[in-house]
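Whatever position you read off the sequence shown (first residue = 1), add 85 for our numbering.
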Amino acid sequence: MRTAIVAGNWKMNGNSESINELMGALVDNLQGLDAVETLVCPPAVYLSQVKSLIGNASVALGAQNASQFESGAYTGENAPGMLVDLGCQYVILGHSERRAIFGEKDAEIAAKFAAAIEAGLTPILCVGETLEERESGNTMNVVGSQLKAVLDACGVGSFAKAVIAYEPVWAIGTGKTATPEQAQEVHRAVRAIVAEYDAEIAAGVRILYGGSVNAANAAELFANADVDGGLVGGASLKANDFIAICRAAAQA
């Protein structure tokens with residue numbers, strides 16, 4: 086039985102005051118949701134603040150990115166071990182914005198994935214296609230290539246300690262959302278790719294949907310057999326919306 090996860094990716098948003106307010110609401114309202122694992126991924130400069138606000142609450146802390154290097158002359162980077170030192174349990178890797186805006190390639194993402202595993206972090210590996218790629222019928226060619234790059238480099242065993250997030254690029258921040266049927270189709274195919282390497286690991290790996298998840302569509306998305314929760318962007322900055330999404334995952 087896979088435990089659902091709802092991860093809030095705050096991206097480059099928030100300040101000390103707004104984070105205090107948001108975390109106060111989340112800590113107060115997410116207690117007792119044992120059927121879902123909840124986590125928040127703030128900007129790196131606020132990780133310590135968020136960790137202190139979590140206290141003993143059942144909310145995990147994640148980072149939005151990590152270096153593939155453990156230390157050295159890499160100005161502006163955050164090593165996986167540093168994130169662990171700050172209390173992080175998870176790290177988002179390969180997000181479409183990192184791929185598209187910052188030019189991260191599959192090999193670099195695989196190296197970051199391996200470094201995160203080595204440091205004891207749980208990577209949330211993002212895969213997904215653009216609108217052009219979907220409309221040309223290349224969704225699974227793209228998603229499969231992104232996924233296999235990490236499987237081949239790091240080994241399927243590493244996915245026993247990882248999470249996968251399918252995020253159709255055309256649905257991120259656009260208000261468009263994959264239909265539940267579209268999401269399930271890709272999630273099922275992603276699980277099948279992992280099963281080509283190891284069926285047992287494939288059955289246990291959690292696959293999140295990330296693409297304009299909100300309070301209105303969460304329950305329908307999470308009802309699918311291979312959708313194990315969500316990687317939530319904009320709605321994770323709104324306490325009531327994020328709480329509603331977490332509750333929908335707990336009831337799925």
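Don't be surprised by glycine CBs; every beta carbon is placed ideally from N, CA and C. Bear in mind that the values here come from a model prediction, so they are computed numbers and not experimental data.
(message) Less than 7 Å between the beta carbons of R332 and D313, yes or no?
(response) Translated into positions along the sequence shown, residue 332 becomes position 247. Translated into positions along the sequence shown, residue 313 becomes position 228. No, they are not a contact pair.
(message) Strictly under 7 Å for the Cβ-Cβ distance: is E252 near chain D by that measure?
(response) Reference to chain D is not applicable here, since this structure consists of a single protein chain.
(request) Could you please give the first and the last residue of the uninterrupted alpha helix (DSSP H) stretch that includes I194? (result) By one-based count along the sequence shown, residue 194 stands at place 109. Counting along the chain, the alpha helix (DSSP H) containing I194 begins and ends at 191-204.
(request) Would you kindly report the start and end of the unbroken beta strand (DSSP E) that includes I209? (result) Along the sequence shown, read from residue 1 onward, the residue named residue 209 stands at position 124. It spans 207-212 - the beta strand (DSSP E) in which I209 sits, taken as one unbroken run.
(message) Please report the distance separating the alpha-carbon of R183 from that of K197.
(response) Sequence index remark: in the sequence shown, residue 183 carries index 98 (1-based). Sequence index remark: in the sequence shown, residue 197 carries index 112 (1-based). Answer to the nearest angstrom: the Cα atoms are 12 Å apart.
(message) Which residue marks the beginning of the alpha helix (DSSP H) containing E122, and which one marks its end?
(response) As a working note, residue 122 is residue 37 in the sequence shown. It is not in any alpha helix (DSSP H) - E122 instead sits in the beta strand (DSSP E) that spans 121-126.
(request) Hey, could you find the ends of the alpha helix (DSSP H) I278 is sitting in? (result) Residue 278 sits at position 193 when you count from the first residue of the sequence shown. 265-282 is the extent of the alpha helix (DSSP H) around I278.
(request) From the DSSP output, in three-state form, read off I249 for me. (result) What you label residue 249 is simply residue 164 of the sequence shown in a count that begins at 1. Strand at I249.
(request) Following the continuous alpha helix (DSSP H) through G229, name the residue where it begins and the one where it ends. (result) Walking along the sequence shown from the start, residue 229 turns up at place 144. First-last of the alpha helix (DSSP H) with G229: 224-239.
(message) Taking a contact to mean a Cβ-Cβ separation below 7 Å, would you say A365 touches Q174 in this structure?
(response) Look at the range of the chain in this structure, 86 to 337, and you will see that residue 365 is not part of it.
(request) Specify the secondary structure class of N141 as computed by DSSP and reduced to three states. (result) The residue given as residue 141 occupies position 56 in the sequence shown. Coil.
(message) For L178 and L210, which I take to be in contact (beta-carbon distance under 8 Å), what is that distance rounded to the nearest angstrom?
(response) The residue you call residue 178 lines up with position 93 of the sequence shown. The residue you call residue 210 lines up with position 125 of the sequence shown. Distance from L178 to L210 at the Cβ level is roughly 6 Å; contact confirmed, criterion being Cβ atoms closer than 8 Å.
(message) In this structure, how does DSSP classify A287 when only helix, strand and coil are distinguished?
(response) If you number the sequence shown from 1, residue 287 lands on position 202. If DSSP states are grouped into helix, strand and coil, A287 belongs with the helices.
(request) Report, in whole angstroms, the separation of the C-beta atoms of A335 and V112, which I expect to be a contact under 8 Å. (result) The count along the sequence shown starts at 1 and reaches residue 335 at position 250. The count along the sequence shown starts at 1 and reaches residue 112 at position 27. 16 Å between Cβ atoms; not a contact.
(message) Here's a check: name, in chain order, each residue in its chain whose Cβ is nearer than 7 Å to the Cβ of G229, leaving out the five neighbours to either side.
(response) Here residue 229 refers to the residue found at position 144 of the sequence shown. Taken in chain order, the residues that qualify are I278.
(request) Go ahead and label M86 buried or exposed: buried means 16 or more other beta carbons lie within 10 angstroms of its beta carbon, across all protein chains shown. (result) Here residue 86 is taken as the residue at index 1 of the sequence shown, counted from 1. With fewer than 16 other Cβ atoms within 10 Å, it is exposed.
(message) Between the alpha carbons of L232 and Y159, how many angstroms are there, rounded?
(response) The residue labelled residue 232 in the question sits at position 147 within the sequence shown. The residue labelled residue 159 in the question sits at position 74 within the sequence shown. Roughly 27 Å separates the two Cα atoms.
(request) Measuring alpha carbon to alpha carbon, tell me which of V271, S243, C239 ends up nearest P253. (result) As a working mapping, residue 253 is identified with position 168 in the sequence shown. Of the candidates V271, S243, C239, the one whose C-alpha sits nearest the C-alpha of P253 is V271.
(message) Less than 7 Å between the C-beta atoms of A256 and A245, yes or no?
(response) On the sequence shown, position 171 is the one that residue 256 refers to. On the sequence shown, position 160 is the one that residue 245 refers to. With contacts defined as CB atoms closer than 7 Å, A256 and A245 fail to qualify as a contacting pair.
(request) Find the nearest neighbour of M108 within the set Y131, L306, A199, judged by alpha-carbon distance. (result) Translated into the one-based positions of the sequence shown, residue 108 becomes position 23. Put simply, of Y131, L306, A199 the residue whose alpha carbon is nearest the alpha carbon of M108 is Y131.
(request) Could you tell me the distance, in whole angstroms, from the CA atom of E305 to the CA atom of S156? (result) Counted from its first residue, the sequence shown places residue 305 at position 220. Counted from its first residue, the sequence shown places residue 156 at position 71. Cα-Cα distance, rounded: 43 Å.
(request) Can you grab the Cα-Cα spacing for the pair E217 / N223, in whole Å? (result) Locating residue 217 in the sequence shown gives position 132, where the first residue counts as 1. Locating residue 223 in the sequence shown gives position 138, where the first residue counts as 1. About 9 Å.
(message) Comparing C-alpha positions only, which one of N163, G242, G161 sits nearest to D283?
(response) Residue numbering aside, residue 283 sits at position 198 when the sequence shown is read from its first letter. Of the candidates N163, G242, G161, the one whose C-alpha sits nearest the C-alpha of D283 is G242.
(message) Taking the beta carbon of F327 as the centre, do at least 16 other beta carbons fall within 10 Å, making it buried, or is it exposed?
(response) Numbered from 1 along the sequence shown, position 242 holds the residue referred to as residue 327. In the assembly as shown, F327 is a buried residue. Its beta-carbon has 16 or more other beta-carbons within 10 Å.
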